[in-house]
Amino acid sequence: MKKYVLALLLLSINLMVFAQEATLKIKFIAAKEKKVIVQLPVNNTTFYPARKEMWFDKDSTLNLNFKISKIANVYLINSEKRFNFFIEPGETSIVFDFNKTGVQTIQYQGSNKDGQLLLNQRSTAFYQSRADNYYKTDSTASGMMALLAADEKKELMPYEQLLKENKITNTFYQFFKERVASDYAAIAAHVPVMLYFATLKPGSKAVFKQEFKDLWAKIYKEYPVNGSQGLNAPDFYYYVRYYSDYYAGKYLHEKNGGNVIEAPASEEIYLERRYAGFEKNLTGNVREYMLASFLSDELMQQKYQPILVELFNKFKTSYPKSAYTAYLQPVANEVLVFHKNAQKDFVTSQKFVANYDQVNSLDELMGQFKDKTVFVDIWATWCGPCKAEFAHGADLDKFLTSKGVEMLYISMDKESADQQWKDMIKYYKLSGNHIRTNMALQTDLINKLWEGKGYGIPRYLILKNGKLAVADALRPSDKEKLYKQIEGYLN
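Residues -19 to -1, 1 to 472 (mature numbering (1 follows the signal peptide of the UniProt record, and there is no 0)) make up the sequence shown, in order.
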């Protein structure tokens, strides 16, 4: 891996300018949907929560105005396609023509056109998968790094050529080079982490070889976590987390004679430990960004842990003017509302299946709903997509009530999540019948619905007269299509 200190220093100096206006004018042709997911930069960083759902107007256009210091990432998602552009201050125009395919979809008017088009052809494979493939190809540290270096060089070559031909600016090139360096650093750092933890498994015979110990140190020396160069790279968060949690927080700590870091006894301790690790091991803009990203990552899991509100308040005290706070505050408020609702009693429309902990099979469960049509929602407290569908619950409940259809929620949670399950029923206002599976019922569901090969949720069923009528029904978000499907089983 190359050293980027001088180049990154020069880039940092270039970025230390006042924020300027950027205008992005977008036209959509033959788009499948009017909704556009837009992610704009925050403090010139790529901050995931800064995503908005927007809708283009009757002229199929969307105008965006925002402030940036020099150059920053903008992401756009429409018609099931994701696009990434490096935007600089000034005016840029983009036309998306979905009658065409591939990069032909994009008609770009602005600086660095050829670079922008090339950028949108770049592979976006997950860094962990790429790391695994490199290690499988060559399991020596030197051999693996040679493969990475060769691919990194190969990836930069077409951009170097565009730079020589004056088709992209040096600013664009350095920004992309920085992105690539961060990506490959994350790939390289994953392998020592993987090998190190393999040795910690009970009964493991794995050996964490010295060459990979040396590599781990070299990676973080050549690509330091406290340089702000990676803040625009999608995988930078994971790269720095590896450093704080595993390299500095555990490996170096124990290597230098510190107490063995045991697995946390509770999720609260785990969250406090990670936050404290970022505070201790990071500095400046990187610390602020990582703390904000950590809070966002955990809050968006929607587990509603009270400790996250405490840590968020600590963050606000440390960074009273942080631009990230505006994106964190709404989800932190949800935690407070969740626990306020948890103190309330269940309403009459929220019923529990009698002796639910003793129901051992789907047939036994369906037998409690003879002579009825039932819509079934299989979910869990940890399932984000499941909870996202609850946003359509009020409309679904209104339809089911008007048709005399019963609602049944089946939770796949473990017994240890019993209270969390009941609290979420209140928070999401889930009217209907409820049951949390015991091991026997869960196994039976997996065997009957997923052929015994594990399970994927959310999953929806329709029951008719105590029998399984539809084993894979539409979702609540399908609305009228789902309602029509259910109506087919009312007679």
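Note that CB positions come from ideal geometry on N, CA and C, so glycine has one too.
These numbers come from a predicted model, not from an experiment.
Query, Result
"Where the alpha helix (DSSP H) through histidine 320 begins and ends", "306 to 323"
"Minimum C-alpha distance to glutamate 370 - residue among Asp352, Thr354, Lys353 and Tyr390", "Tyr390"
"Beta bridge counterpart(s) of glutamine 88 as assigned by DSSP", "Val76"
"C-alpha distance - leucine -12 paired with lysine 134, whole-angstrom precision", "With a pLDDT of 42 at leucine -12, under the threshold of 50, the modelled position of that residue is not reliable, and no figure is offered here."
"Contiguous alpha helix (DSSP H) assignments of at least 4 residues, all confined to the region 277 to 305", "287 to 299"
"Within 9 Å, strictly: CB atoms of lysine 407 and lysine 325", "yes"
"Threonine 354 - containing beta strand (DSSP E), residue span", "354 to 360"
"Selection from Leu176, Glu146 and Asn46 that minimises the alpha carbon distance to lysine 94", "Glu146"
"First through last residue of the alpha helix (DSSP H) which encompasses glutamine 466", "461 to 468"
"Residue from Gly413, Phe193 and Asn472 whose Cα sits closest to the Cα of phenylalanine 333", "Gly413"
"Separation of glutamine 90 from glutamate 72, as counted between CA atoms", "9 Å"
"Whole-number beta carbon distance between leucine 21 and valine 55, since they are thought to touch under 8 Å", "6 Å"
"Beta-bridge partners of histidine 415, as assigned by DSSP", "Phe333 and Tyr390"
"Whether valine 451 touches isoleucine 438 by CB criterion (9 Å)", "no"
"Runs of alpha helix (DSSP H) wholly within the region 215 to 239 (minimum 4 residues, chain order)", "217 to 222"
"Test item: CB-CB of alanine 3 and leucine 45 under 9 Å", "yes"
"Local conformation of tryptophan 363 per DSSP, three classes", "coil"
"Residues that alanine 3 bridges to, as DSSP identifies them", "Phe47 and Gly71"
"Cutoff 8 Å; reference phenylalanine 156; Cβ partners in own chain excluding five residues on either side", "Leu(-9), Ile52, Phe67 and Asn213"
"Glutamine 20: first and last residue of the uninterrupted alpha helix (DSSP H) it sits in", "Unbroken run through glutamine 20 is the beta strand (DSSP E), 16 to 20; no alpha helix (DSSP H)."
"Buried versus exposed call for leucine 344 [16 or more other C-beta atoms within 10 Å across all chains shown]", "The question names leucine, but residue 344 in the sequence shown is aspartate. Result: exposed."
"Three-pair Cβ contact test at 8 Å for the region 203 to 212 versus the region 258 to 278", "yes"
"Nearest residue (CA-CA) to leucine 99, options Ser123, Asn114, Met138 and Ala454", "Met138"
"Other residues of its chain near leucine -14: CB distance less than 6 Å, five sequence neighbours each side excluded", "Here leucine -14 scores only 40 on pLDDT, less than 50, and its place in the model should not be relied on; the value that follows carries that caveat. Correct list: empty, nothing qualifies."
"Per-residue DSSP class, three states only, for isoleucine 443", "strand"
"Beta-carbon proximity check, serine 41 vs phenylalanine 9, cutoff 9 Å", "yes"
"N- and C-terminal bounds of the beta strand (DSSP E) containing phenylalanine 58", "Reading off the sequence, residue 58 comes out as isoleucine, not phenylalanine. Where isoleucine 58 is concerned, the enclosing beta strand (DSSP E) stretches over 53 to 59."
"Span of the alpha helix (DSSP H) around lysine 407", "399 to 408"
"Serine 274 and tyrosine 436 closer than 9 Å at C-beta", "no"
"Same chain, Cβ closer than 6 Å to alanine 313, neighbours up to 5 away in sequence not counted", "Val290 and Phe293"
"As assigned by DSSP and simplified to three states, the class of lysine 33", "strand"
"Residue burial classification, lysine -17 (beta-carbon count within 10 angstroms, cutoff 16)", "For lysine -17, the predicted structure reports a pLDDT of 46, less than 50, and the residue's modelled location is therefore unreliable. A value from the coordinates is still provided. Lysine -17 should be labelled exposed."
"Rounded C-alpha distance that separates glycine 238 from proline 287", "34 Å"
"Collapsed DSSP secondary structure at asparagine 213 in the structure displayed", "coil"
"Candidates Ala244, Ser185 and Tyr285, of which the one nearest glutamate 315 by Cα", "Tyr285"
"Beta-carbon gap between tyrosine 308 and tyrosine 232 smaller than 9 Å", "no"
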